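So the structure is just underneath, and the comments pick up after that.
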Amino acid sequence: MPTSKKVAFIGLGVMGFPMAKHLSQAGHSVTVYNRTSSKSEMWTQQNEGRSAGTPREAASGAEVTFICVGNDDDVRSVVLGDHGVLAGVAPQAVVVDHTTASAALAKELNELCSAQNVGFLDAPISGGQAGAENGMLTVMCGGQKKWFDLAAPIISAYSQACNLIGPSGSGQLTKMVNQICI
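Throughout, the numbering used here is defined as the position within the sequence shown, counted from one, plus 1.
The following block contains the structure:
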């Protein structure tokens with residue numbers, strides 16, 4: 002098991018809720034945020050961890066911040082702005098976006114994170130709700146190896162496979178090909 006880390010998880014839907022649970026069960030210190038606060042409250046009642054009032058608060062002090070929301074616009078809403086992840090994340094931390102989003106957004110967020118000396122991985126997931134609940138997801142990552150090497154041991158809490166595919170955007174492009182094939 003990897004060394005315990007302070008992590009944040011943004012988005013507690015059918016995938017994010019169990020993924021965050023696996024992080025907590027693996028011994029990580031987890032802070033969660035969900036736009037519908039009742040989901041965060043439910044998560045903290047069922048798991049070890051705490052909830053935050055904003056993505057910024059959740060990301061503050063986290064070594065790795067995970068995002069798992071619906072689409073490009075949802076990602077932007079939790080990452081950008083005064084209350085977004087980028088307003089709270091510290092230099093040398095890593096932002097891992099599990100949302101199935103566009104490669105263009107991945108490249109945009111990579112640039113914004115890099116400007117703050119923050120790592121970024123686009124890391125869409127495959128395996129569905131059952132994979133999330135059973136900790137058996139496949140994670141396809143795009144980004145720099147140094148950030149992947151920091152995040153991958155933590156991602157192992159809810160994945161059976163986690164691979165660095167290539168530079169920023171590669172995870173999203175691989176997921177797109179995967180979706181076309183299945």
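Ideal placement from N, C-alpha and C gives every residue a C-beta, glycine not left out. This one's a predicted model, so the numbers in the text were calculated from it and none came from an experiment.
Just how far apart, CA to CA, sit residue i and residue j?
i: Glu64; j: Lys7; result: 6 Å
i: Glu58; j: Ile11; result: 11 Å
i: Ser127; j: Asp83; result: 31 Å
i: Val90; j: Ala60; result: 5 Å
i: Phe18; j: Leu174; result: 25 Å
i: Ala162; j: Leu13; result: 21 Å
i: Val178; j: Val15; result: 23 Å
i: Gly167; j: Pro56; result: 27 Å
i: Ala88; j: Gly62; result: 12 Å
i: Ser38; j: Gln46; result: 12 Å
i: Met20; j: Gln180; result: 21 Å
i: Gly144; j: Arg51; result: 29 Å
i: Lys176; j: Leu165; result: 12 Å
i: Glu134; j: Glu112; result: 32 Å
Would residue i and residue j be called neighbours here (beta carbons separated by less than 8 Å)?
i: Val31; j: Ser41; result: no
i: Thr100; j: Val76; result: yes
i: Gly136; j: Ala158; result: yes
i: Thr139; j: Ser160; result: yes
i: Ala102; j: Asp73; result: yes
i: Val96; j: Cys114; result: yes
i: Val79; j: Gly71; result: no
i: Ala9; j: Thr66; result: yes
i: Leu110; j: Asp98; result: yes
i: Pro92; j: Gln117; result: yes
Buried or exposed for residue i, please, with buried defined as at least 16 other CB atoms from any protein chain shown within 10 angstroms of its CB.
i: Ala124; result: buried
i: Ser22; result: Looking at the sequence shown, residue 22 is not Ser but Lys. Its Cβ being crowded by 16 or more others within 10 Å, Lys22 is buried.
i: Cys182; result: exposed
i: Lys146; result: exposed
i: Ser5; result: exposed
i: Val131; result: Before going on, a small fix: residue 131 reads as Ala here, not Val. So Ala131 counts as exposed.
i: Gly129; result: exposed
Closest to residue i by CA distance: which of the options is it?
i: Ala94; options: Met177, Leu113, Gly71, Phe121; result: Phe121
i: Asn35; options: Ala133, Trp44, His29; result: Trp44
Comparing the C-beta of residue i with each C-beta of chain D, is any distance below 8 Å?
i: Asn118; result: The chain inventory of the structure shown lacks chain D, comprising one protein chain alone.
Legend entry - Entirely enclosed beta strand (DSSP E) segments - the segment 22-92, minimum 3 residues: 30-34, 65-68
Legend entry - Start-end ranges of the alpha helix (DSSP H) lying completely within the segment 91-117, minimum 4 residues: 104-116
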